[in-house]
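First the structure, in the form of structure tokens, and then the observations on it.
In this note's numbering, the protein residues as written are 59 to 213.
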């Protein structure tokens, strides 16, 4: 099992758009994550679309990055998340971090999230999205799309 201090917790936000959610997540990670305070915490901050957009206040517990996203990605929903997550993976690999926990800004941490630490030999854990119109319900078997993803990833 990976130690908490070896883990990187990362998320991204858009200043002036998801600042409030990102601030809540960063505050919850500091206040409620227990030993996960020992983790590296990375914030990927997109360029502000409006001058003077509110940003997350600086915090010594978090390292801030400005992600690199191709201009043509702007036309695709969720493309920012994909490119930023890939950048986080590369940086975590360069930092020799054995585990990267990627979070969305709408995540609330209310106790130490020990379930996020992968067991020995497990390389990836991906829950299907929890939105009914694009995923199976949590209490139902995975549909054909997710079964294919799981089989290709050997999950």
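Idealized CB from N, CA, C, for every residue including glycine.
Express the C-alpha separation of residue 203 and residue 210 in angstroms, rounding to a whole number.
11 Å
For a test of your reading of the model: does the CB of residue 107 fall under 8 Å from any non-hydrogen atom of the ligand COA? Yes or no.
Looking at this structure, you won't find the ligand COA or any other ligand, since it has none at all.
With the cut-off set at 9 Å, would you say residue 98 and residue 73 are in Cβ contact?
no
Cβ atoms of residue 87 and residue 163: under 9 Å apart, would you say?
no
By how many angstroms is the C-alpha of residue 71 removed from the C-alpha of residue 122?
11 Å
For residue 107, which of 206, 168, 132, 153 has the nearest alpha-carbon?
132
Give the C-beta separation of residue 90 and residue 169 to the nearest angstrom, bearing in mind that I take them to be a contact with Cβ-Cβ under 8 Å.
6 Å
Residue 67 vs residue 100 beta-carbon contact at 9 Å:
Taking 9 Å as the cut-off, the Cβ atoms of residue 67 and residue 100 count as close.
With H, G and I counted as helix, E and B as strand and the rest as coil, what does DSSP make of residue 66?
strand
Under the three-state reduction of DSSP, which class applies to residue 167: helix, strand or coil?
coil
When the Cα of residue 212 is compared with those of 198, 139, 180, which residue comes out closest?
180
Evaluate residue 140 with the Cβ neighbour count: other Cβ atoms within 10 Å of its Cβ, from every protein chain shown; 16 or more gives buried, anything less gives exposed.
exposed
How is residue 108 classed by DSSP in three states: helix, strand or coil?
coil
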